[in-house]
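Asks:
Residue numbers (the numbering used here): 88 to 284.
Next comes the structure, spelled out in structure tokens:
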């Protein structure tokens, strides 16, 4: 019964409880726009791996074509609305899974690179440990690559007048830019290709 003198408020009866919070709506749209910007920045091959509806794929293609900042901003808003209307939880989950996989790949790459640098110093104990943990590595091949790295390092250190004279052009450029030499790259590539995760 409706008693006009009853001050008790029933949360289901108020008009404000039926309407969503405006701040929450704005926050959600900002998050969806950020997701739209991420999607715009992804290469087409990665986009094809995500569960995106056709209209969203077309909107993303149109967004890539645009050059004017205001047009891009409007397109991102449109993309955010399309994401909201689509299964946005599923899209976000797939995008997060993809980003996590990339992060793990980069982390693994850096670990292998650091291992290659340490092996290049001639640490025999580390070499034996790596060979024990990864029996698929060929002992002879890895030792050969380590010797090549050590030889290049020795050649770099011995040329005091001009340390770059004994190196080929690509190794000279790598030395100047402080990047790995040819032998170091070969060692990194061998480790990366043959070490299981």
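Glycine included, C-beta positions come from ideal geometry on N, C-alpha and C. Treat the numbers as computed from the prediction; the structure is a model and nothing was measured.
Which same chain residues end up closer than 6 Å to residue 239 when comparing Cβ atoms and leaving out the 5 residues on each side of it in sequence?
Replies: 268 and 270
Asks: With H, G and I counted as helix, E and B as strand and the rest as coil, what does DSSP make of residue 226?
Replies: The three-state secondary structure of residue 226, taken from DSSP, is helix.
Asks: Are residue 236 and residue 274 close, meaning C-beta to C-beta below 9 Å?
Replies: yes
Asks: Hey, residue 213 and residue 229: beta-carbon distance below 9 Å or not?
Replies: no
Asks: With residue 151 and residue 134 assumed to form a contact (beta carbons below 8 Å), what rounded beta-carbon distance in angstroms separates them?
Replies: Not really, about 10 Å apart at Cβ, beyond 8 Å.
Asks: Does the Cβ of residue 247 have 16 or more other Cβ atoms within 10 Å, making it buried, or fewer, making it exposed?
Replies: Because residue 247 sits at a pLDDT of 48, beneath the cut-off of 50, its placement in the model cannot be relied upon, and the following sentence gives the value as read from the coordinates. It counts as exposed.
Asks: As an exercise, report each continuous alpha helix (DSSP H) stretch of at least 4 residues that is fully enclosed by the stretch 158 to 245, in chain order.
Replies: 175 to 207, 211 to 220 and 226 to 245
Asks: For residue 276, which of 110, 185 and 203 has the nearest alpha-carbon?
Replies: 203
Asks: Ignore the nearest five residues each way along the sequence and tell me which others in residue 113's own chain have a CB closer than 8 Å to its CB.
Replies: none
Asks: Taking the alpha carbon of residue 199 as the point to measure from, which residue in 169, 279, 109 and 108 has its own alpha carbon closest?
Replies: 279
Asks: Between which two residues does the alpha helix (DSSP H) harbouring residue 136 extend?
Replies: Careful: residue 136 lies outside any alpha helix (DSSP H) and carries neither H nor E.
Asks: So, do the stretch 165 to 180 and the stretch 188 to 198 have three or more beta carbon pairs nearer to each other than 8 Å?
Replies: Contact between the stretch 165 to 180 and the stretch 188 to 198 is absent, because fewer than three Cβ pairs lie under 8 Å.
Asks: Answer with buried or exposed for residue 207, where buried requires no fewer than 16 other C-beta atoms within 10 angstroms of its C-beta.
Replies: buried
Asks: With H, G and I counted as helix, E and B as strand and the rest as coil, what does DSSP make of residue 266?
Replies: coil
Asks: Taking the straight line between their C-alpha atoms, what separation do you get for residue 168 and residue 158?
Replies: Residue 168 and residue 158: Cα-Cα distance of roughly 15 Å.
Asks: Do you know how far the Cα of residue 223 is from the Cα of residue 243?
Replies: In a straight line, the C-alpha of residue 243 is about 32 Å away from that of residue 223.
Asks: Just reading off the alpha helix (DSSP H) that residue 153 is part of, what are its end residues?
Replies: No alpha helix (DSSP H) contains residue 153, which DSSP labels as neither H nor E.
Asks: Roughly how far, in whole angstroms, is the beta-carbon of residue 178 from the beta-carbon of residue 130, given that I think they are within contact range, below 8 Å?
Replies: That pair is no contact at about 17 Å.
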